[in-house]
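A.B. asks: My questions will all concern the structure given below.
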Amino acid sequence: MDLSLLRDLCSIHAPCGEEATLAEYLLRYIKRNSPRWKVQPKVLVGPQLQDCIMLVFGNPRTAVLAHMDSIGFTVRYQDQLVPIGGPHAETGYILTGKDRLGPIECQLVEDDGQLSYRFGRAIERGTSLVFKPNWREEEDSIQCCYLDNRLGVFNALKLCETLENGIICFTAWEEHGGGSVPILARIMYEEYGVQQALISDITWVTEGVHPGKGVVISMRDRNIPRRSWVNRIIALAQESGIDYQLEVEGGGSSDGRELQQSPYPFDWCFIGAPEEGVHSPDELVHKHDIACMLQLYQHLMEKL
Amino acid sequence: MDLSLLRDLCSIHAPCGEEATLAEYLLRYIKRNSPRWKVQPKVLVGPQLQDCIMLVFGNPRTAVLAHMDSIGFTVRYQDQLVPIGGPHAETGYILTGKDRLGPIECQLVEDDGQLSYRFGRAIERGTSLVFKPNWREEEDSIQCCYLDNRLGVFNALKLCETLENGIICFTAWEEHGGGSVPILARIMYEEYGVQQALISDITWVTEGVHPGKGVVISMRDRNIPRRSWVNRIIALAQESGIDYQLEVEGGGSSDGRELQQSPYPFDWCFIGAPEEGVHSPDELVHKHDIACMLQLYQHLMEKL
Amino acid sequence: MDLSLLRDLCSIHAPCGEEATLAEYLLRYIKRNSPRWKVQPKVLVGPQLQDCIMLVFGNPRTAVLAHMDSIGFTVRYQDQLVPIGGPHAETGYILTGKDRLGPIECQLVEDDGQLSYRFGRAIERGTSLVFKPNWREEEDSIQCCYLDNRLGVFNALKLCETLENGIICFTAWEEHGGGSVPILARIMYEEYGVQQALISDITWVTEGVHPGKGVVISMRDRNIPRRSWVNRIIALAQESGIDYQLEVEGGGSSDGRELQQSPYPFDWCFIGAPEEGVHSPDELVHKHDIACMLQLYQHLMEKL
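Chains as they are written, first to last, in my numbering: chain A, 571 to 874; chain B, 571 to 874; chain C, 571 to 874.
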């Protein structure tokens, strides 16, 4: 699998609230590549969707949601930083961004939970900083910051190539409280009658979920999806022969949470590759799990 | 009062996300019993409502919400359990469920906050377990798991027998983050113009709320309903002569929270019997409080 | 600037859930004063809005939200109090309210986080108490309880005098979990096509935000608004010549949170004067910051 697209996606500066940069990249990609896709989607963008993108293929029954935003840091006062989402913070991590004085490449300092930066000059208040990408590809795995969730975005873009019926949503603010999914849910339900959704996102390697053992179907996290729907997905995964693993967690959340709590009757299920080094510059995912993720999405979007 | 229906309700396996079992039981009950009700309701079910049920009687002005789901446990990896909602956990409690290998009756183990099970075989990942019901009826009281909220459901079903105008909703996921009430609120407001709701649920015996002293009207919990509406309910309770108690709490929540936060202008009030042994297998409620609860609901649904 | 209106507003008993008193005051004020306003607004009130008020001027593009409710305390059992919102509590603060036995002026007692009152008689369960207002006006500053957010309300009322196009919303429950903004958002978006909102509220003096240095534009708090929109506001503030300060916080929240999470695509930004003594009887705001706040709102409502 050619992962150069994923490498590009991982290098785009788009923390929560600044998804516009990634959205523009995606729109250019869609314009250039969609002529080769099996079905031409209707592309929904604009003020009704803020910076989100919705692609409608054929007669959709199921939606795929992939969040564009990443975790990061906001410059506060003096050299202080406040987190965007829940970044793993260690002294020495390299952060990048820019303000009116120019490009920034500085060092993160973590001291007993207090975050700050070390840089040759003061950085403008409110400037957002993200991890500097360091792409590492091995035979079996890839490693970089922001595989969560540029890999979920990549998976959705690859899925577009053969998708006949379905909706693909690129969402915002997932890492920091959400806010775009309720808008998209309203449009999907009221305008397209869609009530099923798969969350194309990245999860954790744990004592029960192992790298290289296949895509993960999450039976629950902090939220609990409707069991009858999750069972249907597991049955379809089982019949497909694709490698998959079942996850059960008490914590963690996703765009699924906002579908769950919206005024529209959505069934949702989180399905994604597991990673090590969550929310750090060193997120690591096995290639086999990426391949299984895409295959399972292709299978499910046809069968559901 | 014949409580055999309540006894049946308490024994149904329906933790958050698996309300379908209870919903099917309720639909059978409604089909069998509604011919004897004073007014025949319109029964709303189906994919628009997920596993919830809405009964519309006459020209509704006020809705009653009773949540079907219970707290419980999900099997994680090895012998680990993660909670569904906030169960009270003690080593030795008996849990039941089933997986593909057959029925399960195992023991809960609590060790410094870590939850696990003890059973003769491994239980399938993702299996849900609930307390084994142990129904104990005395002259003045009943005791069992899941009076919260099968008693709220029971109260709503009894109310149906004489209800002329109103909506009865059986809701889902209340114990674990919610998710069904916003859907129901939209339908109630947009299709029926209903803006008033009573939460038929079970509350706590405390230093200010005593067993056997009557149904509880909650003036606030973690959420604060509109005072003018609560005052109106208290005035109606006062004129009715039915035994009631006023509750004031800083914590605790209910389906009322989701009405409060929905995009629809609902007034809501929590009204229910108090119990001891909250979220344990030994929830205890006084019969007098159950009787007062039903009487007050009958009075309020007529007067509001 | 004549601040007698603000002084009146600060003395009205209207904690979360009891906004009706303030709403009635505002409706009388609007009726009496609107004939002198540049444009006559359409006044939306009634059951669709609960106790909120919406004023629609001309062809609105942007809304201003000011919350009417204040923090306070609810009488629980015996002499216990539970907080409404997050009040700063110190033994000796004077609280006022009334119950069926008459007016109340009692003393707050704080003991290791436990709150109670000291008064010559028992106070009725559920009674709400608020800080007794003690208005102190100096040449440069004012000090009283509830400048948060009666000053935001005052700012909105002053803005009405010259407003040509826009919506002014007086909201409820902001200090305690919210609940009215989703309703208003639905109406603003669906009936008026409005998608932009300014949060007229009070923020904190910190090491980066100084009293008397101008109105505060918050770039983020616990929630993160869309950066492109915040940048547009900062650029307009810059060109206006009005004194302003930029704020960056990791915590704190406002009515903006509920716009962010609503099913409607709102851009929002918190803009308000900073105060010392937050949520205490001694909230202090500089007059220069009040003046700058009103000027910036006037400028933005014209330019956005």
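Glycine residues also receive a C-beta, built at the ideal position from the N, C-alpha and C atoms.
These numbers were taken from a predicted model, which means no experiment stands behind them.
Strictly below 9 Å CB to CB, what residues from chain A border aspartate 837/B?
C.D. replies: Reading the second sequence from its first residue, position 267 is the one you call residue 837/B. Within 9 Å Cβ-Cβ: nothing; aspartate 837/B doesn't reach chain A, min ~18 Å.
A.B. asks: On the premise that valine 723/C lies in contact with phenylalanine 740/C, defined as a C-beta separation below 8 Å, what is that separation, rounded to the nearest angstrom?
C.D. replies: Indexing the third sequence from 1 puts residue 740/C at position 170. Indexing the third sequence from 1 puts residue 723/C at position 153. Yes, they are in contact, since the Cβ atoms of phenylalanine 740/C and valine 723/C sit about 6 Å apart, within 8 Å.
A.B. asks: If distances are taken between C-alpha atoms only, which option among Gln713/B, Lys873/B, Gly616/B comes closest to leucine 754/B?
C.D. replies: On the second sequence, position 184 is the one that residue 754/B refers to. Checking every option, the nearest Cα to that of leucine 754/B belongs to Gly616/B.
A.B. asks: If you follow the alpha helix (DSSP H) that valine 669/B is part of, which residue opens it and which one closes it?
C.D. replies: The sequence position of residue 669/B within the second sequence is 99, counting from 1. Correcting the residue identity first, residue 669/B is aspartate in this sequence and not valine. Not the alpha helix (DSSP H): aspartate 669/B falls in the beta strand (DSSP E), residues 664-669.
A.B. asks: So phenylalanine 724/C is in the alpha helix (DSSP H); what residue range does that whole segment cover?
C.D. replies: Walking along the third sequence from the start, residue 724/C turns up at place 154. Counting along the chain, the alpha helix (DSSP H) containing phenylalanine 724/C begins and ends at 717-730.
A.B. asks: Helix, strand or coil for cysteine 862/A per DSSP?
C.D. replies: Here residue 862/A refers to the residue found at position 292 of the first sequence. In this structure, cysteine 862/A counts as helix in the three-state DSSP scheme.
A.B. asks: Near proline 844/B, what residues of its chain come up, given a Cβ to Cβ distance below 7 Å and the 5 sequence neighbours on each side ignored?
C.D. replies: Translated into the one-based positions of the second sequence, residue 844/B becomes position 274. So the qualifying residues of the chain are Thr773, Trp774, Val775, Val779, Pro781, Val786, Asp859.
A.B. asks: In angstroms with no decimal places, state the Cα-to-Cα distance between histidine 637/B and tyrosine 716/B.
C.D. replies: Taking the second sequence and counting its residues from 1, one reaches residue 637/B at position 67. Taking the second sequence and counting its residues from 1, one reaches residue 716/B at position 146. Each residue's alpha carbon lies about 11 Å from the other.
A.B. asks: Counting only the same chain and skipping the five closest in sequence on each side, list residues whose C-beta sits under 8 Å from that of glycine 821/C.
C.D. replies: As a position in the third sequence, residue 821/C is number 251, starting the count at 1. Once the five neighbours on either side are set aside, the close Cβ partners of glycine 821/C are Asp791, Arg792.
A.B. asks: Check whether the region 794-806 of chain B and the region 586-601 of chain C are in contact - that is, three or more C-beta pairs closer than 8 Å.
C.D. replies: Yes: the two stretches touch, three or more of their Cβ pairs being nearer than 8 Å.
A.B. asks: Taking 7 Å as the CB-CB limit, is proline 833/C close to chain A?
C.D. replies: Counting from 1 along the third sequence, the entry for residue 833/C is found at position 263. Proline 833/C counts as touching chain A.
A.B. asks: Evaluate the contact criterion for the region 719-733 of chain A versus the region 664-684 of chain A: three or more CB pairs, one atom per stretch, below 8 Å.
C.D. replies: With the cut-off at 8 Å, the region 719-733 of chain A and the region 664-684 of chain A do not touch.
A.B. asks: Whose C-beta lies closer than 7 Å to the C-beta of leucine 573/C among residues of the same chain, with five residues either side of it excluded?
C.D. replies: As a position in the third sequence, residue 573/C is number 3, starting the count at 1. Here the set comprises Glu707, Ile712.
A.B. asks: I need the straight-line Cα distance from serine 604/C to glutamate 734/C, nearest angstrom please.
C.D. replies: For this step, residue 604/C is matched to residue 34 along the third sequence. For this step, residue 734/C is matched to residue 164 along the third sequence. Cα to Cα, serine 604/C sits roughly 13 Å from glutamate 734/C.
A.B. asks: Taking the C-alpha atoms as reference points, what is the distance between isoleucine 693/C and glycine 656/B?
C.D. replies: If you number the third sequence from 1, residue 693/C lands on position 123. If you number the second sequence from 1, residue 656/B lands on position 86. Their Cα atoms are separated by approximately 33 Å.
A.B. asks: What's the call for methionine 571/A, buried or exposed, on a 16-neighbour Cβ count within 10 Å?
C.D. replies: As a first step, residue 571/A is located in the first sequence; it is residue number 1 there, counting from the start. Methionine 571/A should be labelled exposed.
A.B. asks: What are the start and end residues of the alpha helix (DSSP H) that includes glutamine 713/C?
C.D. replies: Numbered from 1 along the third sequence, position 143 holds the residue referred to as residue 713/C. Not the alpha helix (DSSP H): glutamine 713/C falls in the beta strand (DSSP E), residues 711-714.
A.B. asks: Closer than 8 Å by beta-carbon distance: list the chain C residues that pair up with arginine 646/A, in chain order.
C.D. replies: As a first step, residue 646/A is located in the first sequence; it is residue number 76 there, counting from the start. Result: Gly778, Val818, Glu819, Gly820.
A.B. asks: Using beta-carbon positions only, say whether cysteine 622/C and alanine 742/C come within less than 7 Å of one another.
C.D. replies: Counting from one through the third sequence, the residue named residue 622/C turns up at place 52. Counting from one through the third sequence, the residue named residue 742/C turns up at place 172. Yes, these two residues count as a Cβ contact at 7 Å.
A.B. asks: Quick one: is alanine 633/B buried, meaning 16 or more other Cβ sit within 10 Å of its Cβ, or exposed?
C.D. replies: The sequence position of residue 633/B within the second sequence is 63, counting from 1. Buried, because 16 or more other Cβ atoms sit within 10 Å of the Cβ of alanine 633/B.
A.B. asks: Give me the chain C residues within the contact set of proline 617/A, using Cβ-Cβ distance strictly less than 8 Å, ordered along the chain.
C.D. replies: Taking the first sequence and counting its residues from 1, the one referred to as residue 617/A is at position 47. Per Cβ cutoff of 8 Å: Gln765, Pro835.
A.B. asks: Please report the distance separating the alpha-carbon of serine 640/A from that of glycine 749/A.
C.D. replies: In the first sequence, residue 640/A corresponds to position 70, counting from 1. In the first sequence, residue 749/A corresponds to position 179, counting from 1. Their Cα atoms are separated by approximately 14 Å.
A.B. asks: Can you look up methionine 571/C in the DSSP assignment and give me helix, strand or coil?
C.D. replies: On the third sequence, residue 571/C is found 1 positions in, with the first residue counted as 1. Looking at methionine 571/C - three-state DSSP - the assignment turns out to be coil, as it is neither helix nor strand.
A.B. asks: At 7 Å on the CB atoms, spell out the chain A contacts of asparagine 793/C, in chain order.
C.D. replies: Your numbering for residue 793/C matches position 223 in the third sequence. The contacting residues are Gly747.
A.B. asks: What residues in the region 605-632 of chain C bring their beta carbon closer than 8 Å to a beta carbon of chain B?
C.D. replies: The region 605-632 of chain C vs chain B, Cβ under 8 Å: Pro617, Gln618, Leu619, Gln620, Asp621.
A.B. asks: Determine whether the beta carbon atoms of isoleucine 582/B and tyrosine 595/B lie at a separation below 7 Å.
C.D. replies: Here residue 582/B refers to the residue found at position 12 of the second sequence. Here residue 595/B refers to the residue found at position 25 of the second sequence. Closer than 7 Å, so yes.
A.B. asks: Just verifying my parser: in three-state terms, what is the DSSP assignment at leucine 870/B?
C.D. replies: Along the second sequence, read from residue 1 onward, the residue named residue 870/B stands at position 300. If DSSP states are grouped into helix, strand and coil, leucine 870/B belongs with the helices.
A.B. asks: Since proline 585/A contacts serine 698/A with CB under 8 Å, what's their CB separation in whole angstroms?
C.D. replies: The residue given as residue 585/A occupies position 15 in the first sequence. The residue given as residue 698/A occupies position 128 in the first sequence. That pair is a contact at about 5 Å.
A.B. asks: Is it buried or exposed, glutamate 745/B, if we count other Cβ atoms within 10 angstroms and call 16 or more buried?
C.D. replies: As a first step, residue 745/B must be located in the second sequence, where it is residue number 175. Answer is buried; the Cβ neighbour count reaches 16.
A.B. asks: Measure the alpha-carbon distance for aspartate 710/B versus tyrosine 762/B and round it to whole angstroms.
C.D. replies: Within the second sequence, residue 710/B is the residue found at index 140, counting from 1. Within the second sequence, residue 762/B is the residue found at index 192, counting from 1. When rounded, the distance between both Cα atoms is 40 Å.
A.B. asks: Does the Cβ of leucine 619/A lie closer than 6 Å to at least one heavy atom of the ligand HEM?
C.D. replies: The model on display carries no ligand, and the ligand HEM is accordingly not part of it.
A.B. asks: How big is the Cα-Cα spacing for isoleucine 654/B and isoleucine 738/B?
C.D. replies: By 1-based counting over the second sequence, the position of residue 654/B is 84. By 1-based counting over the second sequence, the position of residue 738/B is 168. Answer to the nearest angstrom: the Cα atoms are 25 Å apart.
A.B. asks: Short of 8 Å in beta carbon distance, which residues of its chain neighbour histidine 849/A, apart from the five on each side in sequence? Order them along the chain.
C.D. replies: One-based indexing of the first sequence puts residue 849/A at position 279. Cβ neighbours of histidine 849/A beyond the five flanking positions: Ile641, Gly655, Gly656, Pro657, His658, Asp718.
A.B. asks: In the DSSP output, what is proline 585/B paired with across the bridge?
C.D. replies: On the second sequence, position 15 is the one that residue 585/B refers to. Per DSSP, Ser640/B.
A.B. asks: Measuring CA to CA, which of Phe840/C, Pro673/C, Lys873/C is closest to aspartate 825/C?
C.D. replies: Within the third sequence, numbered from 1, the residue matching residue 825/C stands at position 255. When each option's Cα is compared against that of aspartate 825/C, the closest is Phe840/C.
A.B. asks: Going by C-alpha distance, which of Ala767/B, Ile812/B, Gly811/B, Gly784/B is nearest valine 800/B?
C.D. replies: Numbered from 1 along the second sequence, position 230 holds the residue referred to as residue 800/B. Checking every option, the nearest Cα to that of valine 800/B belongs to Ala767/B.
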